[in-house]
Amino acid sequence: MGLVIYVPTYCSVIMSIDLVKPNYFDHDDDDDDDGPTVFKRSKPSSSKQHQQNSELNKSSSQKNDGSSRRQVPDTHSPNSQNSSLQRSKVVPSARPSTAKQNIENSRGSASITDKSKDKSGNISRVTNVDKKPSKPSSAHDAKPSTSKPNIEHSRVLTSISDKLKDVSGVSNMEKKPSKPSVKQSDDSDDSDDDKPLSSRLSTVSKVVSSPNPSSATKKIKIEIKSAEDSEDEIPLSSRSQLKSGGRSATKQSYDSDDEKPLASKIQQNGSSKVTGELAKSSKVLNKRPLSNVSTSSQSLVKKPKLSDASATPKVKQMNVKAESRSDEDDNENVPISQRMKKVAQSNSKSPPTKKTSLKVVSSSFKKGTKKSVKVTKTSNYSKSTNMLPSSGEGQKWTTLVHSGVIFPPPYKSHGVKMLYNGQPVDLTPEQEEVATMFAVMKDTEYATKQKFLDNFMNDWKLILGKNHVIKKFELCDFTPIYEWHQMEKEKKKQMTTDEKKTLKEEKMKQEEKYMWAIVDGVKEKVGNFRVEPPGLFRGRGEHPKMGKLKKRIRPSDITINIGHDASIPECPIPGQRWKEVKHDNTVTWLAFWNDPINPKEFKYVFLAASSSLKGQSDKEKYEKARLLKDYIKNIRVNYTKDFTHKDNTKRQVAVATYLIDKLALRAGNEKDDDEADTVGCCTLKVENVILVPPNQLQFDFLGKDSIRYFNTVEVELPVYTAIKKFKTGKKDGEDLFDELDTSKLNSHLKELMPGLTAKVFRTYNASITLDEMLNKETKAGDVMQKILVYQGANKEVAIICNHQRAVSKSHSAQMSRLSEKMDELKAVLDELNTDLARAKKGKPPLKDADGKQKKNLTPEALERKIAQTNVKVEKMEMDMKTKEDLKTVALGTSKINYLDPRISVAWCKRHDVPIEKIFNKSLLAKFAWAMDVDPDFRF
DNA sequence: ACCGTGACTTGACTGTACGCCG
DNA sequence: CGGCGTACAGTCAAGTCACGGT
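Here the working numbering is used: the first residue of the first sequence is 24, the next is one more, and so on.
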């Protein structure tokens with residue numbers, strides 16, 4: 024039962040205790056201090072939809088370990104099961120660098136260099152994309168302003184024809200996919216099916232040159248290296264291959280392929296750099312174990328949710344679903360539809376119970392811990408928690424206690440006078456504050472944008488008043504304020520570490536109480552308890568509102584949400600009061616205020632990612648994506664059949680679904696005119712997709728955050744033909760999918776699988792890709808090499824999802840420094856070789872650069888030195904390649920949002936890789952719910 | 001069926017702490 | 001031991017999607 028013992032291995036830890044912060048390491052314990060104790064409770068239930076997914080929670084113990092590896096689906100085994108954990112021992116971090124070398128991805132990754140492979144192996148090259156092309160529309164024109172590299176995605180799609188083959192499928196959706204096939208494909212990586220789509224596909228490769236230089240966005244700038252750049256520059260996507268469209272093939276092939284993500288097929292280049300850093304994460308999470316509080320109880324609590332089926336009846340139901348899933352292998356026979364039903368049933372949930380009892384212990388507990396942990400649980404506590412979960416309809420919590428929010432300090436006037444028309448101007452503190460906000464942004468790209476300047480000036484003038492001497496922006500000189508600011512920064516930098524430490528501690532002390540909330544008796548971290556300070560709005564891309572004043576938020580703007588019985592947080596600003604205090608337990612926010620830039624929108628204060636509430640919904644998200652695995656085959660058959668449907672709307676739905684599936688595009692909601700002009704799948708404009716005969720499509724558009732998506736892919740001919748039709752008769756600027764919007768698309772998807780929406784495809788493709796790549800490419804080797812495999816898979820996913828990052832300003836300098844070193848090493852090598860040749864002939868070595876005589880080494884010694892140097896050279900080449908490779912790829916986003924952590928945890932357990940090498944401290948906390956996964960878990 | 005919220009997830013960027021290297 | 005570079009943690013913008021009202 025509930026005892027938790029502190030176990031060294033991460034797994035164990037986690038599992039056992041939800042409540043407490045898991046100690047991943049023994050030593051970690053100390054950390055407890057920082058954090059308050061956490062008791063985590065089991066999870067609450069979630070909203071209805073989720074319920075469907077509810078399975079997750081339930082992982083029943085049943086499943087566990089016994090099953091064969093692959094087969095076992097999820098499961099969170101109960102603690103006991105976790106034995107697996109043990110297997111993985113924590114390994115001390117290896118030194119990063121040393122090892123090295125490459126990972127060869129043998130698999131398919133094409134190295135960048137390779138670009139061209141042909142069909143079977145194809146790689147497509149990609150071009151890079153600038154981050155922000157100046158205008159979207161023009162995008163295809165290529166005008167990326169700066170020379171940033173573009174990224175391309177090139178993914179190859181599968182060939183076309185096959186699909187057509189039987190498509191009967193649509194109707195089938197309902198039915199569950201045939202099990203056998205499914206299983207195999209899923210479970211075993213081996214199956215042939217698995218072959219990468221790519222193999223089937225041909226590749227596309229094109230390189231795009233970077234766009235025009237004109238605008239220089241800072242972010243974007245890229246330094247182009249020389250010619251080679253092109254390769255380097257290649258966008259993420261380019262490196263990867265694409266996913267293939269494989270679905271098409273005949274059914275048989277189908278099956279197999281289907282399961283795999285398209286992406287999976289992608290090849291990647293493999294190298295990734297090793298980072299030593301990973302190791303550091305090892306520290307402990309913040310949560311600390313409660314003191315004695317019954318940990319066990321806690322554990323019980325939590326667990327129940329996750330795994331325990333037994334808990335409440337409701338729970339059980341949920342479990343059912345889960346079981347079905349997990350068991351799937353076993354159950355596979357059960358038709359999906361049936362499973363779904365089960366799920367549905369599960370929905371009925373009982374009302375939540377309430378438990379109010381708890382008091383949280385404060386942080387003090389913490390330490391005791393690790394070992395101590397084992398407590399028994401207090402019965403009440405745990406029970407209540409268990410029940411809590413979701414409870415019925417939409418209830419998210421039963422008791423909620425928190426301290427509200429903290430406000431930024433009031434503005435302190437510095438008195439530095441800016442110049443207007445050469446003369447110093449007196450400004451009131453309010454006026455000065457806004458002027459300072461602007462002055463401080465002098466070094467940003469915003470300062471060069473007219474829209475920003477105009478919006479700023481408009482808002483500032485309102486504060487200056489009609490009669491103020493300042494009228495024209497052109498006559499303003501903010502330099503004195505800017506310089507004052509630089510000085511302040513400098514002063515801050517100069518502070519001694521002790522001074523900084525003191526300041527930090529003071530701040531901590533002030534904020535401590537705001538950092539935690541007690542949800543159903545469990546102390547949980549609050550995400551963003553600091554109210555956003557006033558400033559000038561920094562919208563991304565060509566945002567129409569950039570530069571507008573984001574006014575200071577006052578207590579009277581804030582609505583607080585708190586439990587009925589909890590005391591209302593005191594308003595931190597004397598004389599003021601909250602706008603409203605609510606007690607809505609169907610939502611998870613603790614407070615919100617209206618966004619000053621767009622009053623129709625809200626800014627919320629939520630619990631941190633490490634909270635149970637968030638963890639629970641995260642888990643549900645991944646369970647839903649896993650469920651898609653059972654349906655994907657039929658969904659693909661379904662849309663493939665509809666590529667040629669006579670009904671235009673149906674065809675658009677089919678093609679859009681295909682794009683979302685293959686390219687991991689976002690849904691694409693409609694946007695207002697007062698937002699940046701970006702698009703997603705449903706909002707693609709005619710000019711965003713260019714036909715490249717015979718059957719390729721070139722996508723070029725600005726997506727979320729105005730990040731450019733540039734990718735040329737080969738598609739099935741019916742898709743190509745359909746797109747061509749959608750484009751005909753339309754002008755640039757018109758919608759490609761004129762009969763479609765996200766709600767229509769999602770309601771269609773929901774007919775195919777309960778709870779299915781467009782974004783589930785992203786999660787599914789990302790996670791399945793990771794799972795398959797890890798399983799195919801992990802080979803025996805040291806930890807370092809395994810981590811490289813992981814990073815390679817992570818990179819592939821990042822490319823699929825188009826997760827980009829700005830190239831660091833110092834990138835080119837760093838690279839040239841590295842190449843200098845490389846040249847030096849090579850020179851050394853030459854010299855050694857010369858000496859070796861001489862030594863073999865019995866001659867003394869040549870003098871060194873300074874003319875001094877070198878030591879006379881034996882040929883054997885020289886050979887050893889040469890070998891060492893060669894290793895160094897290789898490692899350095901690898902590092903450089905990786906660095907260049909990843910300069911525009913952001914790995915973190917997919918890790919945080921798209922990759923089911925259980926895949927990573929299970930892989931770590933199977934391969935004896937310390938989880939701390941993969942997840943840093945915050946990720947470990949965020950994914951505490953996944954730590955007890957069975958080592959055989961497959962997505 | 002449509003629309004306007006409302007709630008929550010996803011995302012890139014920034015400042016900074018910190019480990020590494022010479 | 002000081003500068004560099006990287007990885008974190010934090011920030012807040014920008015998406016997705018559900019829902020309720022008309």
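Even for Gly, the Cβ is constructed at its ideal location relative to N, Cα and C.
{"query": "7 Å CB neighbourhood of residue 499 in its chain, flanking five on each side removed", "result": "441, 443 and 493"}
{"query": "Counterpart residues of residue 540 in DSSP-defined beta bridges", "result": "425 and 547"}
{"query": "Residue nearest to residue 454 in terms of C-alpha spacing, selected from 471, 479, 472 and 470", "result": "479"}
{"query": "Status (buried if at least 16 other CB within 10 Å, exposed otherwise) for residue 897", "result": "exposed"}
{"query": "Own chain residues within Cβ distance below 6 Å of residue 952, not counting five before or after", "result": "638 and 642"}
{"query": "Touching by the beta-carbon criterion (3+ pairs, under 8 Å), the stretch 613 to 627 and the stretch 898 to 910", "result": "no"}
{"query": "Residues of its chain near residue 551, where Cβ-Cβ distance is below 8 Å and the 5 sequence neighbours each way are ignored", "result": "628 and 629"}
{"query": "Cβ pair residue 590, residue 424 closer than 9 Å", "result": "yes"}
{"query": "Whether residue 752 touches residue 727 by CB criterion (9 Å)", "result": "no"}
{"query": "For residue 479, the three-state DSSP class (helix, strand or coil)", "result": "helix"}
{"query": "Coil, strand or helix - residue 705 by DSSP", "result": "helix"}
{"query": "Burial state of residue 866, where buried means 16 or more other Cβ atoms lie within 10 Å", "result": "exposed"}
{"query": "Simplified DSSP state of residue 443, which is helix, strand or coil", "result": "strand"}
{"query": "Beta-carbon gap between residue 820 and residue 792 smaller than 9 Å", "result": "yes"}
{"query": "Every unbroken alpha helix (DSSP H) inside the stretch 619 to 643 [4 residues or more]", "result": "none"}
{"query": "Environment of residue 535 [buried if 16+ CB atoms lie within 10 Å]", "result": "exposed"}
{"query": "Beta-carbon spacing of residue 858, residue 877 below 9 Å", "result": "yes"}
{"query": "Beta-carbon proximity list for residue 286, same chain, < 6 Å, skipping 5 on both sides", "result": "For residue 286, the predicted structure reports a pLDDT of 37, less than 50, and the residue's modelled location is therefore unreliable. A value from the coordinates is still provided. The answer, listed in chain order, is 266, 788, 792 and 823."}
{"query": "Beta-carbon spacing of residue 755, residue 710 below 9 Å", "result": "yes"}
{"query": "Alpha carbon of residue 680 to alpha carbon of residue 933, nearest angstrom", "result": "35 Å"}
{"query": "Straight-line Cα distance separating residue 678 from residue 583", "result": "45 Å"}
{"query": "Neighbour-count burial assignment, residue 962, 16 or more Cβ in a 10 Å radius", "result": "buried"}
{"query": "Residue burial classification, residue 538 (beta-carbon count within 10 angstroms, cutoff 16)", "result": "buried"}
{"query": "According to DSSP, residues forming a beta bridge with residue 737", "result": "719"}
{"query": "Beta carbon of residue 595 nearer than 9 Å to that of residue 428", "result": "yes"}
{"query": "Minimum C-alpha distance to residue 945 - residue among 919, 881 and 436", "result": "919"}
{"query": "Rounded Cβ spacing between residue 913 and residue 826 (contact assumed at less than 8 Å)", "result": "4 Å"}
{"query": "C-alpha gap between residue 689 and residue 847, whole angstroms", "result": "47 Å"}
{"query": "Short Cβ contact (9 Å threshold) for residue 669 with residue 620", "result": "no"}
{"query": "Three CB pairs or more closer than 8 Å across the stretch 609 to 616 and the stretch 449 to 466", "result": "no"}
{"query": "Local Cβ density within 10 Å of residue 556, reported as buried at 16 or more and exposed below that", "result": "exposed"}
{"query": "Beta-carbon spacing of residue 806, residue 956 below 9 Å", "result": "no"}
{"query": "Where the alpha helix (DSSP H) containing residue 948 begins and where it ends", "result": "944 to 949"}
{"query": "Sequence-distant residues of the same chain with beta carbon closer than 6 Å to residue 632, five excluded per side", "result": "949"}
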